[in-house]
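Shown next, in structure tokens, is the structure this report addresses.
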Amino acid sequence: MGEWFEQNGALLGLALLDGIASAALIFMVAVGLNLVFGVLRVLNVAHGSFFAIGGYMAASIGLLMTAVGLPPWASFAALLLAAVVTGAILGPLIERFLLRRVYAEESVLQLLVTFALFMILEDLQKIVWGVQPVSFGGPVALMGTVDVPFAGDVIPYNAYQVILLPVVALLTLGGLAWFLRRTLAGRVIVAVTLDREAATAMGIDAGRVFLLTFTFGAVLAALGGALSAPTASLVPGVGASTIVLSFAVVATAGLGQIEGAALTALMIGIGRSVAVTFEPELEVVVPYLIMVAVLLLRPQGLFGVPETRRI
Amino acid sequence: MSALLEARGLRLAFGGVKAADGIDLAVTAGEFLAIIGPNGAGKTTFINMATGYLRSQGGQILFDGAEITGRSPREIVRRGIARSFQLPQLFSEHTVEENAALAIAARDGIWSPFRPLLRPAWREEARDLLDRFGLLPAAALRADALNEGTRKLADIAMAVALRPRVLLMDEPTSGVAASEKMAVVETLARVLRSSGVTAVFVEHDMDVVERFADRVAVWAQGRIAALGSPAAVLADPEVQRNVIGIARPARATGGRAADA
Amino acid sequence: MRGLRRAEILIALLLAAAIVLAAFSTPWLRFVLTVALAKGVAVLGILLLLRAGQVSFGHALYVALGAYAVAFLAPRVPEAALLLPLAAVVAGLVGTVVGLFVSRYREIFFGMLNLALSMVFYSVLEKLYHITRGTDGIRVPAITVLGQPLEGSSYDWAVFAMALGLALLFGLLARAYLASPVGQALAAIKTRETRLDFMGVSPRRVLLSAYVLSAVMAGCAGAVIAMATRHVTPLLAYWTASGELVFIAVLGGAGGVLGPFLGAATFELVRVYAAATVADAWGMILGAVLLLVILFARGGLWGIVAARLGRRRAA
Amino acid sequence: MPVTSPLTRRGALAAGFGSVLLPAGLSAQAPAAKPSELKIGITTFLSGPASVFGVPGRNAAEMLAEEINREGGIGGVPIRLFFVDEGPGIDHLVGEFRRLVQNEKVDVMLASISSGSCLACTPLAEELRKVTLLWDCGTQRIFEEGSYKYAFRSQANSTPEMMAPLLYLLKHKPDFRSLAVVNQDYAWGRDSWELWKAAMDVLKPGVRVVAELFPRFGATDFSAEVTRLLALRPDVVLSTSWGGDLDTFIRQSAERRLFERSTFVLPLAESSLERVGRLLPPGHIVGSRGDHWHQHPRPADPAALQRFVANYRRRFNAYPIYPTYHMAQAFSALRAAYAKATAANGGNWPSDVQLAGAFPGLEFDSPTARLRIREDGQALEPQLIGTTAQDDRFPFPIMDRMVVFPPETIMPPVGQKSLDWIRTLTADAVSRVPDPVRPAG
């Protein structure tokens, strides 16, 4: 073991860096989904569409800003703007006109409503943005690289990926934790997550909480998409692969748990990059293996509270 | 007489609250034992422990001489201890008749995948059972369409359908309209006596206790504070102050025993 | 209620006759309907789990297992009458092992564990490239049907008949199962699982029985799909294929065993017509159809039929 | 618009449902009267990540159909196109294939981008006795493992597409000692690596393969892979990826200066050049799955290529990429086959069998070369490989030191399987690599 570390310790360190960067993105998307699931109890498949549309929107706005000659730093504003625009338009529309009509229905119907929506939005993206890969590299180029020493050499990393993304993810985590625990609106959300009946019985307007949470979740998904636009190319189907991964995170993390989502994202991100370094063929199944392993040990998810079966 | 169901030094605490603090209680075969006591004293906890829903932190539970401490609810019910619930636990998408038939099926074996649940024999037994509880008019109604009193009776009927030797009932008359309460109790008593079931029930209504119980146990702060015949126990000034004093006024004003 | 159950059989026979007629009059429909019937059988399994309130997002695993079982065994056992039960056994065995694990879980955990396992299987199919040919898939060699080496349209007819036979068989089986105590206990899992425990019934075992049955059904469906398309690829196990099964279940309606078949036929035909009209936006059309059904006909297509029948009876 | 009208197609579909049609088998023998229109079914990706190729392919088909119809059609018969999406999977594809043949009565099918789709469609073509041109899929297995009377391929296959870049590398960068591969995790990614590895082991034994990475198809982040490659410092990085995957891989490699450490071999990068632009630095080896590029150094008919490129750019605001050339090849082959079969039939319109009979030995023009279909149904298509270079006329890298490989030198003869043939190769193969073409003018 010690010998192995001597040989591979540095490699492991590099894998950790990559893992943290990719975990940051996974977290950004999954935490929104988990929040929405915790409060509305709707597993929102269209979350993947929000991610994709947020990404496309960021690329469009960013390229537009560059075209009209705005300074380079404006590209960061483009990312944020894209997320807010996407989430604040799509979120309330969908919650108000679709989800609200099926809250009383069985969960499979709610889920299928979002699935149908996902199929529709998927084709809409193709109509609006076409099928050719779209990307927007501005912010990455702007931030440049940081050199990490390795074996008498250096490995350049994108500052955007290893510094900005983790910082944004940490700020989001911290901000969310503060919001949920220290503010009234946040406590209301937590109350609804823990016990919807009791919360509504106490006079909480569940409708408003749902609307706010859903919109907030949509903004987070779109932000995830916008943040990935500078490093990845957006193609049709990118939303689909995002949503499966986010589902896995939610199930592993536990209902509505933001710290759970963070830890799960970290495990998946690092697990995958370690797999790429030492056992590449395992990379694809890492999220699923982690989920199965966690649920074997903790059937309610990492941070899930075992639901007392009330009698 | 030997005890059919017996607790020895049973202990369970939630956080700092002691629901059972060394309980010794023996239920004799054939008797109706009422458990009374202030809210939160641990009465329901006793039922939950005896049926395997909660695991005790100390002590033993014996049924028919064999230890059942820590067994699963399924195993305990198969040995002959059934229970009913303070909040009725019905299958809300099924009719009352189907609920009863499911209980009968659970007793006789549900693994007959090619014969319908409502096969003639079970259907007849279900209807007979419902008839004895006066539930026949509601047989075809979905369980989620019933009023509270009917749900309560159906809940008990399902437990009775299992043909237990001991039936543990958690507030069998809460939620039943005051005007019907005594009739319900009569029905219940008749059904249980005729099938020779031993009954333990948690109850807040002292009229019901007086009428129904052979013995009364007073549960207070996780201990059995008093045990004896209804007349003796209910006359105890200590009991009157601590337990009945809480329950009586509620009944006088609302016409109902105070719910949990 | 009884009347509706009898009407159900009548409608099933009418539907079968209509399908045969359509397959007879229009050769290309024969294939589409074969696949639709097969998917209907798989969806029937989904419906059993839906009765217990559980949604599996991984049943494509069993469809793919059945299909690959046929593809791998056909060179050695080139007989449909043997391949079909073999596929069912393979799916049933895997279903039992997986079921023992997932039947402990409910709701999102149940759904996602199923999804995870099907995705792991998908990856295995892709990774074991030298055995499975990866995404290129495997061609199913020519097989005999009841000893007859068939070709062209007579082979297609045989597979169609097999699909129709399976649909009827499993339709009746599922009907009997759902009416039985175990089947009724499934719905009890959804509404009040703990009570089952206090009645001495293991909810886990009840769910397991439905799970194994659903795996067998999906396996048979996969076998028929393999025999009909004569080419199997890992895409059969992808999560979207599982999603499609749930989609069809909801579209058809979970209220009766005819729902899956109504749903599957509608799904396939809408997709064909949508694809013929706007080849690159069929997803949007399917999505819109599903939305409309959920918003305006919550019982699905079977719900609409049943309501019509009920009204006529009442009138 | 002469191409498709949704309304009439829906009508035709409705008419087909319920009308009693002849059994499919008869269509091949049906008397061949000259039809009023020539119906062509085309399967291509219209959804999912592979629509990156599928949609340009369809665009090219629509453009070509219009051009052909403006000139009076094929043999005087206007053509009409029917598109099928490969995205939903094999069962949908097979159903649509049957519908087009049996209900829409298409005369010819152009099948598939995905090799899996082609493998499913070719036997179907035989069963339905319908001429099917494999217009884009790559797998060499089809004509090496089976023989077909109705299926033909109007472009090269994976073997020459991998042999050409390997030989180019061996000729122009002969002293590399280590190599890493980063291919998409699906059949093409695995297949292309298997071919490359087998040939490399024969032609340059002893190359150390330091990493075999197969990231998920459709992956959006290659950071871990790039890190691994930066740490390993292989002399050569091979990637047969394409589409969004390749764009992202190039982008992340460029940002992290991996291009400075290793020479990249990207056999499909032609399709990404315009999008990745200057991110892809000079000095790396790229190919285009065939003999096509808008700056082709020596096209057989420069005017034809220019016209094709200009028309496509005008219409779709992008340079044509290899699927569009492949589509043009399929149309050209079809046109030539109809001409040949009609001539052989005494000037009368050919039946399905007669049309099929025209393909073996058929010669036809691509925008850049004259191609021939061998007797096994496989076309002989040259392969163009070049090295990236900067050119101020373009906002993206162009190819320099371009080599056009004659097809016979980079693929097995009829009847021999690729891996068997590869084992017979000698170092001679490298010395026979042609010199780079000097662009005319």
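Chains A, B, C and D, in that order, are what the protein sequence lines are.
Going by the UniProt record's numbering, the first residue of the first sequence is number 1, and it counts up by one from there.
Going by the UniProt record's numbering, the first residue of the second sequence is number 1, and it counts up by one from there.
Going by the UniProt record's numbering, the first residue of the third sequence is number 1, and it counts up by one from there.
Going by the UniProt record's numbering, the first residue of the fourth sequence is number 1, and it counts up by one from there.
Don't be surprised by glycine CBs; every beta carbon is placed ideally from N, CA and C.
In this text, all values refer to a predicted model and were calculated from it rather than measured experimentally.
Within chain D, the residues that residue i reaches when beta carbons sit closer than 9 Å
i      : result
A:N158 : S223, Q252, E255, R256
Supposed close pair residue i, residue j - CB separation, criterion 8 Å
i      : j      : result
C:L235 : D:G89  : 5 Å
D:A60  : D:P299 : Actually they do not touch by this definition, with Cβ atoms about 17 Å apart.
A:L286 : A:A293 : First, the amino acid is wrong: residue 286 of chain A is Val here, not Leu. About 10 Å; that fails the 8 Å criterion.
C:V63  : C:I225 : 7 Å
B:L141 : B:R83  : Rounded, the Cβ-Cβ distance is 24 Å, inconsistent with contact.
Within chain C, partners of residue i - CB distance below 8 Å
i      : result
B:F63  : The premise fails here: B:F63 is roughly 14 Å from chain C at the closest Cβ pair, so nothing lies under 8 Å.
A:P299 : R104, Y105, F109
Closer than 8 Å: residue i CB and nearest the ligand HEM heavy atom
i      : result
A:L296 : Absent from the structure shown: the ligand HEM. Ligands present: none.
Nonlocal neighbours in the same chain, by C-beta distance under 7 Å from residue i, ignoring five residues either side
i      : result
D:L200 : Going by the sequence as given, residue 200 of chain D is Met instead of Leu. Hits under 7 Å: L166, V207.
B:A105 : L117, W122
C:R204 : S103, R104
C:A12  : G171, L258
B:T45  : L12, A19, A20, L54
C:L117 : G58, L61, V98
B:T177 : Checking the displayed sequence, the identity of residue 177 of chain B turns out to be Ala instead of Thr. So the qualifying residues of the chain are G149.
Beta-carbon neighbours of residue i, restricted to chain D and to distances below 8 Å
i      : result
A:E6   : Within chain D, no residue comes near A:E6; the closest Cβ sits about 16 Å away, beyond 8 Å.
A:G237 : S47, G48, P49, G218
A:D18  : S223, A224, T227
Residue i: contacting residues in chain C (beta-carbon distance under 7 Å)
i      : result
B:F114 : A176, S180
A:Y288 : A116, M119, V120
B:D106 : First, the residue type needs correcting, since residue 106 of chain B is Ala and not Asp in the sequence shown. Here the neighbours are M199, G200, V201.
Sequence-distant residues of the same chain with beta carbon closer than 8 Å to residue i, five excluded per side
i      : result
C:D136 : T233
B:I76  : A50, T51, G52, F63, I68
C:A52  : L186, A187, I189, K190, V206, L207, A210
A:Q257 : N34, G38, G301, L302, F303, G304
B:S56  : L10, R11, L12, A20, M49, T69, G70
A:A30  : L245, S246, V249, V250, A253, A261, T264, A265
Contacting residues, own chain, Cβ-Cβ under 6 Å from residue i (five flanking each side not counted)
i      : result
B:E171 : Q86, V202
D:S178 : R208, V210, P234, D235
D:W193 : V181, N183
Where residue i meets chain A, residues with beta-carbon distance less than 8 Å
i      : result
C:A288 : A116, I120
D:D185 : V284
Cross-chain neighbours of residue i in chain D, by beta carbon under 7 Å
i      : result
A:L11  : A231
C:H231 : I90, L119, A120
Partners in chain A for residue i, counting only beta-carbon separations shorter than 7 Å
i      : result
D:D352 : By Cβ distance, chain A contributes nothing, its closest Cβ being about 33 Å from D:D352, past 7 Å.
C:K127 : E281
Interface residues of chain A facing residue i [CB-CB closer than 9 Å]
i      : result
D:P215 : V276, P280, E283, V284
Checklist entry - Should the segment 209-224 of chain A be regarded as contacting the segment 44-52 of chain A, the criterion being three or more beta carbon pairs within less than 8 Å? => result yes
Next on the checklist: For the structure I just gave you, are there three or more beta carbon pairs, one from the segment 106-113 of chain A and one from the segment 288-307 of chain C, closer than 8 Å?
Outcome noted: yes
Next on the checklist: Give me the subset of the segment 98-110 of chain D whose CB atoms are less than 9 Å from a CB atom of chain C, sorted by chain position.
Outcome noted: R98, R99, L100, V101, Q102, N103, E104
Item to check | Cβ contact (3+ pairs, closer than 8 Å) linking the segment 14-27 of chain A and the segment 263-278 of chain A | outcome: yes
Next on the checklist: Residues of the segment 107-125 of chain A in Cβ contact with chain C at a cutoff of 8 Å, in chain order, please.
Outcome noted: S107, V108, L109, L111, L112, V113, F115, A116, L117, F118, M119, I120, E122, D123, L124
Item to check | Against chain B: residues of the segment 87-110 of chain C by CB proximity under 7 Å | outcome: none
Next on the checklist: Against chain A, which members of the segment 232-246 of chain D pass a CB distance test of less than 9 Å?
Outcome noted: R233, G243, G244, D245, L246
Checklist entry - Is it true that the segment 77-97 of chain A meets the segment 184-204 of chain A, where meeting means three or more beta-carbon pairs spaced less than 8 Å apart? => result no
Checklist entry - Is the number of C-beta pairs between the segment 24-43 of chain B and the segment 212-222 of chain B that are closer than 8 Å three or more? => result yes
Item to check | Within 7 Å of chain A by C-beta, residues of the segment 289-305 of chain C in sequence order | outcome: L290, L291, I294, L295, R298
Checklist entry - When the Cβ atoms of the segment 87-104 of chain B are set against those of the segment 151-165 of chain C, are three or more pairs found closer than 8 Å? => result no
Next on the checklist: Output needed in chain order: residues of the segment 237-260 of chain C with a Cβ under 9 Å from some Cβ in chain A.
Outcome noted: W239, T240, G243, V246, F247, A249, V250, L251, A254
Checklist entry - Does the count of Cβ pairs from the segment 207-223 of chain A and the segment 36-43 of chain A closer than 8 Å reach three? => result yes
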